[in-house]
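Below is one structure; the comments refer to it alone.
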Amino acid sequence: GESVPVSKAEGDKVYAGTMNEEGYLEIRTTKRSDETVLSRIVKLVKEAERKKSGTERFIDKFAAVYTPVVIGLAFATFIIPLMLGHSWETWLYRALVLLVVSCPCALAISTPVAMVSAITSAARHGVLIKGASFIEEINRVRVFAFDKTGTLTRGKLEVIGITGFNGYLIEEVLSIAASLESRSGHPIAKAVMKKASEEGSEILEIDRFISIKGRGIEAEIDGKKYYAGAPGLFDDLPVSIPEGDETKGKTALYIADESRMIGAIVLADKMRVNVPDVIRDLKKQHIRTEMLTGDNEEVASALAEQTGVDSFFAGLLPEDKVSAVDKLKDRFGCVAMVGDGVNDAPALASADVGIAMGHAGTDVAIETADIALMHDDLSKIDYLVKLSRKTMKVVRQNIIVALLIKGTFTVLAVFGLINLWVAVGVGDMGLSLAVILNAMRLTRVRA
């Protein structure tokens, strides 16, 4: 969950599934394979999925009761008058009308047809919903919890500023920095090289390249020694870093020669462009927003301020994210989790609704999630909430209309005030068509 690789020294813990960016490690295994962080992630996902219950089981139970009750009522409508000596032809006809009117077709399809329309509409807008129950769950969500790296941010470091010191131009600073970083595989080096390529900077020939573990690099250009790295690299050098240069929540790469500081390059894991708008739209709908990240407190605080989220949890391991989601559930109610990585999978499974970034997300995250944003467009979350609320409104409309008409026509059928044609044309087929047409309005919901 860190946006910048974390330096490890002798005695530090390294987790299974993490990658060694550069350097050589000798590792002693301290836990069995089923006790690693990666194994715990798989266990947490399975446990969380077992906790989920389908909301549609209620419909099955209702149908199991409704159908025999209706048949029994129709049978009673025929038998009781017959036992009292009334005409069997009249009451048999009324019983048949009652049976047709009471047919639960419109009631049975009132929910599924609305859900199918909503899922179809969502798919057209690049949102894959894996089940109808998740539309209902989104309607109940009170908190959206966002992963930071790769979800609220792009997950890649980018150069966002260059400063020259002691008379150096920013073009010179970038050229020297790119030359020094040209032999490094560090993510910071890749970001600097990308910027140099975009700006057409000259890459100078370097000699005596040395990578200083966890601090930076040094090399010679035209026989002169240069350094590039974190502030700690210059502790033992006769150069000083200008104060106030490293922006809060960002990473600064400083460049110097043997006697003076020549410049600084500021990098950041850039926030996705529409994130503040997404957070603002959710707040307008009275939904709380939280950020969960494995990154450090300072970086998390800076991004939280930029995005406008209500609160954040920093320095989290995968199991910590599950705990954070559970705390949010206990405090606020229904929680939706939005993430992209393997380390988000347990939280995605534990949340009431898990939403994965389809393009940037890992296979594990997408497989675990209930909903996938196929184009990594966070603005679709606001669309999802609106679609869910409109869907549940349509479902309620369908159920209320179906029950009112069925109830009214049932009474009319018992008293012989409607014939079989009206029962079929209005109470059964007509009502079913009305329910379908009402549900189809959901396909026109715009993102």
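Numbering (this note's numbering), first residue to last: 858 to 1304. Even for Gly, the Cβ is constructed at its ideal location relative to N, Cα and C.
Distance CB(residue i)-CB(residue j) smaller than 8 Å
{"i": "A1213", "j": "D1187", "result": "no"}
{"i": "V984", "j": "I1144", "result": "no"}
{"i": "R1129", "j": "T1300", "result": "no"}
{"i": "T1150", "j": "A1171", "result": "yes"}
{"i": "A989", "j": "V1192", "result": "no"}
{"i": "A1270", "j": "V954", "result": "yes"}
{"i": "V1000", "j": "E1147", "result": "yes"}
{"i": "V998", "j": "I1119", "result": "no"}
{"i": "V1123", "j": "D1239", "result": "no"}
{"i": "T1248", "j": "A931", "result": "no"}
{"i": "I1063", "j": "I1078", "result": "yes"}
{"i": "G1089", "j": "I1074", "result": "no"}
{"i": "A980", "j": "V1252", "result": "no"}
{"i": "A1161", "j": "L1173", "result": "no"}
{"i": "E878", "j": "H1043", "result": "yes"}
{"i": "A1048", "j": "L1014", "result": "yes"}
{"i": "A963", "j": "V1279", "result": "no"}
{"i": "R1246", "j": "N996", "result": "yes"}
Buried or exposed by the 16-neighbour rule on C-beta atoms within 10 Å, applied to residue i
{"i": "G1264", "result": "exposed"}
{"i": "L1288", "result": "buried"}
{"i": "G880", "result": "exposed"}
{"i": "K1052", "result": "buried"}
{"i": "P1099", "result": "exposed"}
{"i": "Y872", "result": "exposed"}
{"i": "I1067", "result": "exposed"}
{"i": "G874", "result": "exposed"}
{"i": "M940", "result": "exposed"}
{"i": "N1200", "result": "buried"}
{"i": "V902", "result": "Because V902 sits at a pLDDT of 47, beneath the cut-off of 50, its placement in the model cannot be relied upon, and the point is left open."}
{"i": "L882", "result": "exposed"}
{"i": "K870", "result": "exposed"}
{"i": "V1210", "result": "buried"}
{"i": "W948", "result": "buried"}
{"i": "P1203", "result": "buried"}
{"i": "V1242", "result": "buried"}
{"i": "K1178", "result": "buried"}
{"i": "N1255", "result": "buried"}
{"i": "G1215", "result": "buried"}
{"i": "K908", "result": "Legend: pLDDT at K908 = 41, less than 50; position of this residue unreliable, value from coordinates given subsequently. It is exposed - the Cβ of K908 has fewer than 16 other Cβ atoms within 10 Å."}
{"i": "E994", "result": "buried"}
{"i": "S978", "result": "buried"}
{"i": "T887", "result": "exposed"}
{"i": "G1273", "result": "exposed"}
{"i": "D1152", "result": "buried"}
{"i": "D1234", "result": "buried"}
DSSP bridge partner residues for residue i (one or two, in chain order)
{"i": "V1003", "result": "The sequence shown places Phe at residue 1003, rather than the Val named in the question. According to DSSP, which records beta bridges pairwise, F1003 is partnered with M1148 and V1195."}
{"i": "Y923", "result": "Y923 is not bridged to any residue."}
{"i": "L1110", "result": "I1122"}
{"i": "E1015", "result": "A1125"}
{"i": "E1224", "result": "According to DSSP, which records beta bridges pairwise, E1224 is partnered with nothing at all."}
{"i": "E1077", "result": "D1064 and K1082"}
{"i": "V984", "result": "L1230"}
{"i": "G1021", "result": "G1120"}
{"i": "T934", "result": "Looking at the DSSP assignment, T934 forms no beta bridge with any residue, so it has no partner."}
Range covered by the alpha helix (DSSP H) that runs through residue i
{"i": "D1187", "result": "P1175 to F1189"}
{"i": "T1164", "result": "E1154 to T1164"}
{"i": "E1055", "result": "P1044 to E1056"}
{"i": "M1297", "result": "M1286 to M1297"}
{"i": "G1264", "result": "S1236 to V1271"}
{"i": "N1309", "result": "Absent from the structure is residue 1309, since the part of the chain shown begins at 858 and ends at 1304."}
{"i": "T947", "result": "W945 to S959"}
{"i": "A1035", "result": "I1027 to E1038"}
{"i": "D873", "result": "First, the amino acid is wrong: residue 873 is Ala here, not Asp. Taken as a continuous stretch (DSSP letters only), A873 belongs to no alpha helix (DSSP H), as it is neither H nor E."}
Selected residue, minimal CA-CA separation from residue i, among the options
{"i": "P1175", "options": "S1207, L1274, S1168 and S1158", "result": "S1207"}
{"i": "F1169", "options": "D1285, L956 and K1005", "result": "K1005"}
{"i": "P925", "options": "A1181, N1131 and P961", "result": "P961"}
{"i": "E1056", "options": "G1018, D1064, I1257 and L1090", "result": "G1018"}
{"i": "R1117", "options": "V1123, T1108, D1092 and D1134", "result": "D1092"}
{"i": "R951", "options": "A1034, T934 and L1031", "result": "T934"}
{"i": "L956", "options": "S967, V1302, I966 and I928", "result": "I928"}
{"i": "S1054", "options": "N1255, M876, D1234 and S1032", "result": "S1032"}
{"i": "I1069", "options": "K888, L1037, D1234 and D891", "result": "L1037"}
{"i": "T1225", "options": "L1261, D1234, M1194 and D1233", "result": "M1194"}
{"i": "T1020", "options": "P1088, M972, K1243 and A1109", "result": "A1109"}
{"i": "S1058", "options": "K1082, R1072, Y1083 and I1027", "result": "I1027"}
{"i": "V973", "options": "A1296, V1302 and R1303", "result": "A1296"}
{"i": "M1286", "options": "S959, D891 and T886", "result": "S959"}
{"i": "F919", "options": "T968, I986 and I1275", "result": "T968"}
The beta strand (DSSP E) enclosing residue i, as first and last residue numbers
{"i": "D1306", "result": "A question about residue 1306 goes unanswered here, because the residues of the chain that appear run from 858 up to 1304."}
{"i": "Y1083", "result": "K1081 to G1086"}
{"i": "A1213", "result": "V1210 to M1214"}
{"i": "F1170", "result": "S1168 to F1170"}
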